[in-house]
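Take the sequence shown: its position 259, counted from the start at 1, is 290 in this note's numbering, and no numbers get skipped. In this text, a Cβ means the ideal position worked out from N, Cα and C, and glycines have one as well.
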Amino acid sequence: MPVSRFLRMALILGLLSAIGPFAIDMYLPALPAIGDSLGAGISAVQWSLTAFFLSLGVGQLLYGPVSDMLGRRPPLVFGLVVFSLASVGCALASNIETLVALRFVQGLGAAAGMAIPRAVVRDLHTGTEAARLMSLLMLVFSVSPILAPLAGSAVIAVAGWRGVFWAVLLAALAGLVLVHAALDETRPPAERVESSLGSALRAYGLLLRDRHYLGLVFIGGCAMAGFFVYLAGSPFVLINHYGLTPTMYSLAFSLNAAAFIGSSQFTAALGERFGLVRVVKFAAGAAGVVMALMLGYYLAGGDRLGVLIALYFVASACMGLVIPTTSVLALEQHGAIAGTASALLGTLQMLTGAAAMGVVGLFANGRPLPMVVGMACGAFVAGALTWLTLGGHRAQLAHQPPAR
Numbered sequence: 032m033p034v035s036r037f038l039r040m041a042l043i044l045g046l047l048s049a050i051g052p053f054a055i056d057m058y059l060p061a062l063p064a065i066g067d068s069l070g071a072g073i074s075a076v077q078w079s080l081t082a083f084f085l086s087l088g089v090g091q092l093l094y095g096p097v098s099d100m101l102g103r104r105p106p107l108v109f110g111l112v113v114f115s116l117a118s119v120g121c122a123l124a125s126n127i128e129t130l131v132a133l134r135f136v137q138g139l140g141a142a143a144g145m146a147i148p149r150a151v152v153r154d155l156h157t158g159t160e161a162a163r164l165m166s167l168l169m170l171v172f173s174v175s176p177i178l179a180p181l182a183g184s185a186v187i188a189v190a191g192w193r194g195v196f197w198a199v200l201l202a203a204l205a206g207l208v209l210v211h212a213a214l215d216e217t218r219p220p221a222e223r224v225e226s227s228l229g230s231a232l233r234a235y236g237l238l239l240r241d242r243h244y245l246g247l248v249f250i251g252g253c254a255m256a257g258f259f260v261y262l263a264g265s266p267f268v269l270i271n272h273y274g275l276t277p278t279m280y281s282l283a284f285s286l287n288a289a290a291f292i293g294s295s296q297f298t299a300a301l302g303e304r305f306g307l308v309r310v311v312k313f314a315a316g317a318a319g320v321v322m323a324l325m326l327g328y329y330l331a332g333g334d335r336l337g338v339l340i341a342l343y344f345v346a347s348a349c350m351g352l353v354i355p356t357t358s359v360l361a362l363e364q365h366g367a368i369a370g371t372a373s374a375l376l377g378t379l380q381m382l383t384g385a386a387a388m389g390v391v392g393l394f395a396n397g398r399p400l401p402m403v404v405g406m407a408c409g410a411f412v413a414g415a416l417t418w419l420t421l422g423g424h425r426a427q428l429a430h431q432p433p434a435r
């Protein structure tokens, strides 16, 4: 693929993938204000995040097979329309129950933008080329957690928390224009001949019996779960406990996102030199060590914001190596059912993150320790799964770097 088209595809797929996260990250500085406005407690407000993640995960189970059967473009358009309509409803919600329900619907629409771009990457490339495209996609995708909280703070200051949902509506409408004008179909009709509901069910059965695939999925899922716990807890911890303003919180959150982006850009180069498996093993192990240090600090009675931000900066950098690389490895052997494999990957990872948020939310008290425990557990489980899935001699041979 020519470099110009390679970069163009990364930009398009990254922007489409970012619409759902944009609806999360832009919304984070508003969580305390939403609770005050709708008379809801911390746990109830966090459910508006959890509901979004649940539907974002479950929805991908539908979009993946449909994109294998009908092509990649039609389900993307449908999902963006659903997302747009739900965004209008969220902006007009008068109580927390309505907001939670509409966030669930909004997540169903956003799921199209999560599942289908990964399938498009697999349609076009495998191996280190796929890792390079996935990394560039993550670069564009990761603009959301850097800019969205800052944009959200600005919108909240001018238009209140409801203005956030009008802003994400504009992002979805821009996505519809992008799909119509700039995204080529990568699943031609000839490749859809054997795709059907029955074949989708058989494909899911095949994937659920593939322990190597599942191991890779849950390595990334547990790494993401720690981030989701931080996502749900950090507005209350950093704003209410540490006293940051919404703008200061947005800057702190953006710092972690910058670490994720920066490291993810090295995945292809490191994969070519050391092999993708070794990259995952090193990064997952390093993340576990860093999170163990953070957990030990808070268990010992420490309570400094600088320690939290500095250590999580390093952990975020490690996650930037783990998540795109495990996605590439998981899809590598399933090109014929890339949409379905991508959908199941996204669903299981989102449900893992939602479950982690739900469990930690039961213990949330606005202080750092419950959040740090949840983040550390995600890193520890991801590290253990890495060695169980990729630690064997056979796995190492399967993904050796190319001979020079």
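Check, Outcome
"Local Cβ density within 10 Å of LEU44, reported as buried at 16 or more and exposed below that", "buried"
"Cβ neighbour criterion (16 or more within 10 Å) applied to LEU393", "exposed"
"C-beta atoms of TRP197 and SER118 nearer than 9 Å", "yes"
"Identity of the residue in SER265, ALA372, ALA410 nearest ILE340 by Cα", "SER265"
"Three-way DSSP call (helix, strand, coil) for ALA231 in this model", "helix"
"Inter-residue spacing [alpha-carbon to alpha-carbon] between LEU326 and GLY319", "10 Å"
"For SER115, the nearest candidate out of ALA395, ALA141, LEU130 (CA to CA)", "ALA141"
"C-beta contact flag for LEU85 and PHE249 at 9 Å", "no"
"Own chain, CB closer than 6 Å to GLY138, minus 5 neighbours either side, in chain order", "PHE83, SER86, LEU87"
"PHE83, enclosing alpha helix (DSSP H) - first and last residue", "73 to 101"
"Stretch pair the stretch 356 to 370 + the stretch 275 to 284: three plus CB contacts closer than 8 Å", "no"
"Short Cβ contact (9 Å threshold) for ALA143 with GLY110", "yes"
"Limits of the unbroken alpha helix (DSSP H) element including ARG104", "104 to 123"
"Same chain, Cβ closer than 6 Å to GLY384, neighbours up to 5 away in sequence not counted", "PHE84, MET255, ALA256, PHE259"
"Cα-Cα separation, ILE73 to LEU269", "14 Å"
"ALA300 to ALA185 span [Cα, whole Å]", "37 Å"
"Pairwise C-alpha distance: CYS349 and ALA315", "7 Å"
"For PRO277, three-class secondary structure by DSSP", "helix"
"Range of the contiguous alpha helix (DSSP H) that encloses VAL152", "127 to 155"
"Per-residue burial, ARG435 [other beta carbons within 10 Å of its own, 16 or more giving buried]", "With a pLDDT of 35 at ARG435, under the threshold of 50, the modelled position of this residue cannot be trusted, and the question is left open."
"For ASP459, the first and last residue of its enclosing alpha helix (DSSP H)", "Lying outside 32 to 435, the shown extent of the chain, residue 459 is not represented and no answer is given."
"Proximity of VAL308 and VAL152 at Cβ, strictly below 9 Å", "no"
"Cβ pair LEU178, SER285 closer than 9 Å", "yes"
"Span of the alpha helix (DSSP H), counted from its first residue to its last, around THR217", "Where THR217 is concerned, there is no enclosing alpha helix (DSSP H), given that its DSSP letter is neither H nor E."
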